[in-house]
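Single-structure report; data block below.
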Amino acid sequence: MESTLRGKAHKYGKNVDTDVIIPGKYCNIIDPAELGKHALEGLDPEYTSKMSAGDIIVADTNFGCGSSREVAPIAIKGSGTSAVIAKSFARIFYRNALNIGLPIFESSEAVDGIESGDEIEVEPATGVVRNVTKGTQYRAAEFPPFMRSLIDAGGLVPYVEKRLGGV
Amino acid sequence: MGMTLTEKILARHAGLDRVEPGQIVNANVDLVLANELSAAVAIGVMRGIKGASKVFDSKKIALVEDHFVPAKDAQSAKLAKLMKDFALEQQIEHFFDVGRGGIEHVVLPEEGLVAPGELIVGGDSHTCTYGAFGAFATGMGSTDIAAAFVLGEVWLKVPGTIKIVYDGALGRMVYAKDVMLRTVGELGIDGATYRAIEYHGTTVDQLSITGRITMANMAIEAGAKNGIFHADAKTIAYVEERTDRPFVLERADPDAAYERTIAIDVGNLEPQVACPHTPDNVHPISEVAADDIAVDQVFIGSCTNGYIEDLRVVAKVLEGKRIADSVRVIVNPGSQKVWMQAAQEGVLTTLAAAGCAVNTPGCGACFGGHMGTLGDGERAISTTNRNYVGRMGSPKAEVYLASPATCAASALTGRITDPRVLELAGV
Numbered sequence: 001m002e003s004t005l006r007g008k009a010h011k012y013g014k015n016v017d018t019d020v021i022i023p024g025k026y027c028n029i030i031d032p033a034e035l036g037k038h039a040l041e042g043l044d045p046e047y048t049s050k051m052s053a054g055d056i057i058v059a060d061t062n063f064g065c066g067s068s069r070e071v072a073p074i075a076i077k078g079s080g081t082s083a084v085i086a087k088s089f090a091r092i093f094y095r096n097a098l099n100i101g102l103p104i105f106e107s108s109e110a111v112d113g114i115e116s117g118d119e120i121e122v123e124p125a126t127g128v129v130r131n132v133t134k135g136t137q138y139r140a141a142e143f144p145p146f147m148r149s150l151i152d153a154g155g156l157v158p159y160v161e162k163r164l165g166g167v
Numbered sequence: 001m002g003m004t005l006t007e008k009i010l011a012r013h014a015g016l017d018r019v020e021p022g023q024i025v026n027a028n029v030d031l032v033l034a035n036e037l038s039a040a041v042a043i044g045v046m047r048g049i050k051g052a053s054k055v056f057d058s059k060k061i062a063l064v065e066d067h068f069v070p071a072k073d074a075q076s077a078k079l080a081k082l083m084k085d086f087a088l089e090q091q092i093e094h095f096f097d098v099g100r101g102g103i104e105h106v107v108l109p110e111e112g113l114v115a116p117g118e119l120i121v122g123g124d125s126h127t128c129t130y131g132a133f134g135a136f137a138t139g140m141g142s143t144d145i146a147a148a149f150v151l152g153e154v155w156l157k158v159p160g161t162i163k164i165v166y167d168g169a170l171g172r173m174v175y176a177k178d179v180m181l182r183t184v185g186e187l188g189i190d191g192a193t194y195r196a197i198e199y200h201g202t203t204v205d206q207l208s209i210t211g212r213i214t215m216a217n218m219a220i221e222a223g224a225k226n227g228i229f230h231a232d233a234k235t236i237a238y239v240e241e242r243t244d245r246p247f248v249l250e251r252a253d254p255d256a257a258y259e260r261t262i263a264i265d266v267g268n269l270e271p272q273v274a275c276p277h278t279p280d281n282v283h284p285i286s287e288v289a290a291d292d293i294a295v296d297q298v299f300i301g302s303c304t305n306g307y308i309e310d311l312r313v314v315a316k317v318l319e320g321k322r323i324a325d326s327v328r329v330i331v332n333p334g335s336q337k338v339w340m341q342a343a344q345e346g347v348l349t350t351l352a353a354a355g356c357a358v359n360t361p362g363c364g365a366c367f368g369g370h371m372g373t374l375g376d377g378e379r380a381i382s383t384t385n386r387n388y389v390g391r392m393g394s395p396k397a398e399v400y401l402a403s404p405a406t407c408a409a410s411a412l413t414g415r416i417t418d419p420r421v422l423e424l425a426g427v
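Residue numbers (the working numbering), protein chains in the order written: chain A, 1 to 167; chain B, 1 to 427.
What follows is the structure in structure tokens.
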């Protein structure tokens, strides 16, 4: 998660749930690119046709509520979306996103200061969010130390490998 | 300062004397659960973990085929096969194929795989169901499940606990589902995010195990990490009938620290309905029925309300009658055992005679998978747990959530109906 993420913002409301992120009928797909074709289909069927690789989803509170389906963050990542910025995330989605390497950031100020179509830059290491269109800058909430160490280790899988190695 | 029930279970599984909310712990798990969808992804992740060729304990993993069963298409069959092959390769003791299990959360308690004080994680958000038995149980995604398959432990942030105290006797045709819908309505769908819910009070003491299951099951609908009841004589009798595994009975300390305490008096509670499109959009039936809302489909089943007690309620309402011409009713008994018991009691015949389609156990209709998917412009009333846009099929469909009694009453009239009014009218 080192290089700068850059793309256009696509802004949505609160409680974007996993049923609209990836509808149940697609939950038997496991290929990320195939899942990506249906990202946000239940909320905004146009999303995948109007977005470009690197674009960023911006949303209000409780993003990813509902089911534990890991295909929800996988679909978003598979669509080429580079990050999600929200006021808050639902618990299971938060874990899943970090586990599969979908960059997510929490910042109410950033969400309030971004409109659909704005050009956004995010520095994953520092959590700095820049609204290039508006010339404003925000700082996302820092990850708790344990989460930070998981992210720095490269996700949960390297962490498990270390535990298996007796570390 | 004492500990809540959730804190005690987490402390014991982490080998610590005490834990506090916000603390990160590594906890040993007693059982790891996955269905064919979450398992398929988890197995792929596990194959990629260096040094992980075997699961930590083949007796402490449960794999249940329940989401797209019987396989809806070749792709679904592929996932089911992937899980079955893995179960055979790893000699997983608790593997439930179609026809031998049912919906995971109905099956595990029936099979004695859940006991008080245990720590259970599952690749399904409704894993919180097992809080009904005094276990700490929470849903996770597939990568976390893969890690638990291999390590037999998970990292968890200790949640703060919200204590909810219910008092009052439930009125006629008012059930645990109504109490829980009311609760989700009060908390809101993110009102308990990252929190534990601890259920207390005279009302829940009186509830059957099934009623407690319904309530623990929907803790996630308020965003909670887990929802938990204290085990009592009913719990112990249920569990001891199904397993001789020893278990630990714990109680929250009298001086436990709760983030907040909510009192809910259910003495005058009406049947409740969650209206489209969130489970917290909850209104009393008198208000909803006044709008005279026609429905196209009634669904009875799921890990929330697919139990024999639920089917008996529906059969009692429908006995000797025919469902309205304008509606179709789909019933999925929650498990093979529920199905067989319902068959033996004549419940399935009563339902079929009334015009209901009775399916094999599974999750399909609830999440818009198959076996009861809604089309554009259709409206359903359902005993399930979620009604988000597109949940049961078309994003242009509407889903209302209610108890089995309210759903059964609505099946007779073809409109969202107060089961108490129907009963009084002798319909």
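For each residue, glycine too, the CB sits at the ideal point set by N, CA and C.
DSSP links Trp155 (chain B) through a beta bridge to B:Asn26.
The Cβ of Leu102 (chain A) sits no closer than 8 Å to any Cβ of chain B. Looking only at B:Ala263, B:His105, B:Ile9, the smallest Cα-Cα distance to Lys163 (chain B) is reached by B:Ala263.
Remark: three or more beta-carbon pairs, one from each stretch, lie closer than 8 Å, so the stretch 60 to 70 of chain B and the stretch 78 to 86 of chain B are flagged as touching. Contact of Thr61 (chain A) with chain B is assigned, a C-beta pair being separated by under 8 Å. Apart from sequence neighbours up to five positions away, the residues of its chain that approach Val71 (chain A) with a beta-carbon distance below 8 Å are Ile22, Tyr26, Cys27, Ile29, Ile30, Leu35, ordered along the chain. Per DSSP, the beta-bridge partners of Arg195 (chain B) are B:Gly160.
Residue state for Arg328 (chain B) is assigned as strand, using DSSP reduced to three classes. Lys8 (chain B) counts as buried, since no fewer than 16 other beta carbons sit within 10 angstroms of its beta carbon. The DSSP-derived three-state label of Ser286 (chain B) is helix. Going by beta carbons, Leu33 (chain B) and Ile120 (chain B) fall inside the 8 Å limit. Taking C-beta atoms as the reference points, Ser302 (chain B) and Thr383 (chain B) count as a pair closer than 8 Å. Close partners of Asn131 (chain A) in chain B (Cβ separation under 8 Å) are lacking, with about 26 Å as the shortest Cβ gap. Assigned with DSSP and collapsed to three states, Lys321 (chain B) falls in coil, not helix or strand. At a cut-off of 8 Å between C-beta atoms, Ile209 (chain B) does not count as an interface residue with respect to chain A. Contact check for Val150 (chain B) against Phe86 (chain B) fails: the beta carbons are separated by 8 Å or more. In this structure, the beta-carbon distance from Val338 (chain B) to Gly102 (chain B) falls below 8 Å. By the 16-neighbour rule on beta-carbons within 10 angstroms, Lys60 (chain B) is buried.
For Ala59 (chain A), the enclosing beta strand (DSSP E) starts and ends at 56 to 59. The distance from the Cβ of Tyr166 (chain B) to that of Val266 (chain B) is about 6 Å, consistent with a contact at the 8 Å cut-off. Going by C-alpha positions, Phe229 (chain B) is about 5 Å away from Gly134 (chain B). Taking a 10 Å sphere around the C-beta of Asn268 (chain B), we find fewer than 16 other C-beta atoms and assign the residue as exposed. Runs of the alpha helix (DSSP H) lying entirely within the stretch 2 to 58 of chain B, each at least 4 residues long, are 5 to 14, 36 to 47 in chain order. His126 (chain B) carries a helical assignment under DSSP once its states are collapsed to helix, strand and coil.
For Arg18 (chain B), the CB contacts under 7 Å within the same chain, skipping 5 residues up- and downstream, are Met3, Ala11 in chain order. Contact residues of the stretch 71 to 84 of chain B toward chain A are Gln75, Ser76, Leu79 (C-beta to C-beta distance below 7 Å). Per the C-alpha coordinates, the member of B:Arg100, B:Gln75, B:Val154 positioned closest to Leu31 (chain B) is B:Val154. In the three-state reduction of the DSSP assignment, Gln297 (chain B) falls in the strand class. Here DSSP, grouped into helix, strand and coil, assigns Gly7 (chain A) to strand. Any Cβ of chain B closer than 8 Å to the Cβ of Ser68 (chain A) would place that residue at the interface, and such an atom is present. If you check the CB distance, Glu250 (chain B) and Gly117 (chain B) come in under 8 Å. Short of 6 Å from the beta carbon of Met140 (chain B), and not among the five residues preceding or following it, lie these beta carbons of its own chain, in chain order: Val121.
Beta-bridge annotation (DSSP): Phe133 (chain B) is not paired with any residue. In this structure, B:Gly364 is the residue among B:Lys54, B:Gly414, B:Ala402, B:Gly364 with its C-alpha nearest to the C-alpha of Arg391 (chain B). Of the other Cβ atoms in all chains shown, 16 or more fall within 10 Å of the Cβ of Gln272 (chain B); this residue is therefore buried.
Residue-level contact check: Ile300 (chain B) does not touch chain A, since none of the beta carbons of chain A fall below 8 Å from its beta carbon.
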